[in-house]
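**Q** Numbered according to our numbering, the sequence shown spans residues 20 to 178.
Virtual Cβ for every residue (Gly too), placed ideally from N, Cα, C.
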Amino acid sequence: MSISELSQMSAAQIARAVKAKELSPVETVDNALREVERRNPAINAVVFSDPEGALAEAKELERKILAGEDVGVLAGVPTLMKDLFGEKIGWPATMGGLSALKDSRSSSSGIFPQSMERAGGIVIGATDSPLLGFRGVTDNRLFGPTRNPFNTEYNPGGS
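1. Quick one: what does DSSP say K101 is sitting in, helix, strand or coil?
2. Let me check understanding here. Comparing Cα to Cα, which of R154, G72, A34, W110 lies closest to G139?
3. Return the CA-CA distance between P60 and D69, expressed in angstroms with no decimal places.
4. Quick one: Cα of G109 to Cα of A64, how far?
5. Name, in chain order, the residues that DSSP records as bridge partners for F67.
6. Go through the stretch 70 to 97 residue by residue and report every complete run of the alpha helix (DSSP H) that reaches 4 residues or more, in order.
7. Quick one, are the C-beta atoms of E54 and S29 less than 8 angstroms apart?
8. Since G95 and L103 are thought to touch, with beta carbons under 8 angstroms apart, how far apart are those beta carbons, to the nearest angstrom?
9. In this structure, how does DSSP classify P175 when only helix, strand and coil are distinguished?
10. Please report the residue range of the alpha helix (DSSP H) in which R137 lies.
11. Terminal residues of the continuous alpha helix (DSSP H) containing L52?
12. Starting from I1, trace the alpha helix (DSSP H) both ways and give me its first and last residue.
13. Output needed for I141: all residues of its chain with C-beta closer than 6 angstroms, excluding positions within five of it in sequence on either side, in chain order.
14. Could you give the C-beta distance for P132 and L80, rounded to a whole number, given that I count them as a contact under 8 angstroms?
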């Protein structure tokens with residue numbers, strides 16, 4: 020399957036293909052990481068990615084699938100979490116680009132990434148957010164503005 024085909028699939032389509040062994044979780048995560056690398060310089064949406072951790076999770080999910088274990092409704096679906104509440108242990112935790120927290124690391128995993136992972140999803144990183152989530156635009160001093168992928172003259176909004 021080509022990168023462009025995979026990039027156009029819905030979460031439900033990806034999960035069905037992964038469970039049917041038509042797609043590997045490693046393929047879905049690798050594709051998502053490459054898309055972030057390709058697109059993020061123009062839109063500044065992703066402020067942190069964890070390729071090693073995401074690929075390790077994908078390999079473990081693949082092992083479970085091959086062993087016939089239940090892998091959840093979102094099996095192999097790569098996703099990103101907001102910097103506001105989507106941290107995992109050791110990930111940056113800046114609460115939407117708060118400069119005072121620029122070196123802060125999360126000591127626990129948030130409920131949102133935990134829920135996604137229980138359902139078989141794979142959290143690959145964190146997205147930019149408005150400072151403390153209090154604005155309708157995503158632009159903060161630590162990471163700068165996020166651009167709309169359809170028109171980079173615009174901001175995609177905020178929390």
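**A** The answer reads as follows:
1. Locating residue 101 in the sequence shown gives position 82, where the first residue counts as 1. Strand at K101.
2. In the sequence shown, the residue the question calls residue 139 occupies position 120. With distances taken between Cα atoms, G139 lies closest to A34.
3. One-based indexing of the sequence shown puts residue 60 at position 41. One-based indexing of the sequence shown puts residue 69 at position 50. The straight-line gap from Cα to Cα measures roughly 17 angstroms.
4. Your numbering for residue 109 matches position 90 in the sequence shown. Your numbering for residue 64 matches position 45 in the sequence shown. Their backbone Cα atoms lie some 20 angstroms apart in a straight line.
5. Taking the sequence shown and counting its residues from 1, one reaches residue 67 at position 48. Partner(s): A145.
6. 70 to 85
7. Position 35 of the sequence shown, counted from the first residue, corresponds to residue 54. Position 10 of the sequence shown, counted from the first residue, corresponds to residue 29. Cβ atoms of E54 and S29: not closer than 8 angstroms.
8. As a position in the sequence shown, residue 95 is number 76, starting the count at 1. As a position in the sequence shown, residue 103 is number 84, starting the count at 1. At roughly 25 angstroms, the Cβ-Cβ gap does not stay under 8 angstroms, so G95 and L103 are not in contact.
9. By 1-based counting over the sequence shown, the position of residue 175 is 156. In the structure shown, P175 sits in coil (DSSP, three-state: anything other than H, G, I, E or B).
10. Walking along the sequence shown from the start, residue 137 turns up at place 118. Segment 130 to 137, the alpha helix (DSSP H) holding R137.
11. In the sequence shown, residue 52 corresponds to position 33, counting from 1. Where L52 is concerned, the enclosing alpha helix (DSSP H) stretches over 44 to 62.
12. Outside the shown range of the chain, which is 20 to 178, sits residue 1, and nothing can be said about it.
13. Working through the sequence shown from its first residue, we reach residue 141 at position 122. V48, A73, E76, A77, P97.
14. By 1-based counting over the sequence shown, the position of residue 132 is 113. By 1-based counting over the sequence shown, the position of residue 80 is 61. P132 to L80, Cβ: 15 angstroms. No contact.
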